[in-house]
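Undergrad:
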Amino acid sequence: MKPLILTDLDGTLLNFTAAFEDWLTSKDIPFHPNKLGDHYCISGMFDRKVDEKQLVSEFFESDYGGNCQALDNTIQHVRELYDLGFDFIGITACSDDEALIELRQKNLLSVFGFCIPVYATGFHGSKERILNSYSSSIWVEDHIDNAIAGNDAGHTVFLINHPYNQEDGPYTRVKDWEEIKEILCAGI
Ligand SMILES: [Mg+2]
Numbered sequence: 012m013k014p015l016i017l018t019d020l021d022g023t024l025l026n027f028t029a030a031f032e033d034w035l036t037s038k039d040i041p042f043h044p045n046k047l048g049d050h051y052c053i054s055g056m057f058d059r060k061v062d063e064k065q066l067v068s069e070f071f072e073s074d075y076g077g078n079c080q081a082l083d084n085t086i087q088h089v090r091e092l093y094d095l096g097f098d099f100i101g102i103t104a105c106s107d108d109e110a111l112i113e114l115r116q117k118n119l120l121s122v123f124g125f126c127i128p129v130y131a132t133g134f135h136g137s138k139e140r141i142l143n144s145y146s147s148s149i150w151v152e153d154h155i156d157n158a159i160a161g162n163d164a165g166h167t168v169f170l171i172n173h174p175y176n177q178e179d180g181p182y183t184r185v186k187d188w189e190e191i192k193e194i195l196c197a198g199i
């Protein structure tokens, strides 16, 4: 059986922050830079109260939402892992609307050049059920709570380092997918 990598999408494979900020700029919506990239806080980006779910839905309906770029130093190493025989499955906490899931899968295909099936938990949904449905695999995340949930489900967890996830926990903190690839390949 091929080794399996379960992975979050935003802040793990894709640079949601850059795409979201570019979209806000295109709409002339003022926001505080770095609130998302440093604190992972959409509501804190704005001086007024916003409907986060609605705003993110509008983003994903735009060209920006379906064309998120990869995080730095990601494409080559994810591709190499795929070519080595690793299978990828995406698990993301965005709307489970089928059109959106398809959009996200197309985004991944155009960025990485191979199919990554995506499970969506719903906005703010829990990933525990999906993580628990897989036997011991690799789980890659940027969100502390979900990283811990992956460990609790028996997975080997890598946390992609960001300013907003500096707490230590039951995971291996990595700078990027190059480090993940080096660790996984050392074990082959
Ligand atoms: Mg994420």
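Heads up: the sequence shown at position 99 corresponds to 110 in our numbering, and the numbers run straight through without jumps. Don't be surprised by glycine CBs; every beta carbon is placed ideally from N, CA and C.
Could you give the distance in angstroms between the alpha-carbon of residue 166 and the alpha-carbon of residue 93?
TA: Taking the straight line from one Cα to the other gives about 19 angstroms.
Undergrad: Rounded to the nearest angstrom, what separates residue 143 and residue 180 at their Cα positions?
TA: In a straight line, the C-alpha of residue 143 is about 19 angstroms away from that of residue 180.
Undergrad: Report yes if the CB atom of residue 102 is closer than 8 angstroms to the CB atom of residue 130, and no otherwise.
TA: Their beta carbons are under 8 angstroms apart, which means residue 102 touches residue 130 by this criterion.
Undergrad: Among 139, 122, 112, which one has its Cα closest to the Cα of residue 128?
TA: With distances taken between Cα atoms, residue 128 lies closest to 112.
Undergrad: Going by beta carbon distance, what residues of the same chain come within less than 7 angstroms of residue 123, once the five residues before and after it are set aside?
TA: Hits under 7 angstroms: 86, 89, 90.
Undergrad: Grab the span of the alpha helix (DSSP H) containing residue 1 for me, first residue to last.
TA: An answer regarding residue 1 cannot be provided, because it is not within the stretch 12 to 199 covered by the chain.
Undergrad: With 16 as the cutoff for other CB atoms within 10 Å, does residue 126 come out buried or exposed?
TA: Answer is exposed; the Cβ neighbour count stays below 16.
Undergrad: Tell me the residue span of the beta strand (DSSP E) that contains residue 184.
TA: Unbroken beta strand (DSSP E) run through residue 184: 183-185.
Undergrad: Would you mind stating whether residue 185 and residue 23 have Cβ atoms separated by less than 8 angstroms?
TA: No, these two residues do not count as a Cβ contact at 8 angstroms.
Undergrad: Where does residue 157 land, buried or exposed, given buried means 16+ other C-beta within 10 angstroms?
TA: Under this definition residue 157 is a buried residue.
Undergrad: Among 65, 177, 114, 147, which one has its Cα closest to the Cα of residue 16?
TA: It is 147 whose Cα lies nearest to the Cα of residue 16.
Undergrad: Which whole-angstrom value describes the C-beta separation of residue 114 and residue 77, a residue pair presumed to lie in contact below a C-beta threshold of 8 angstroms?
TA: Sure, about 5 angstroms apart at Cβ, within 8 angstroms.
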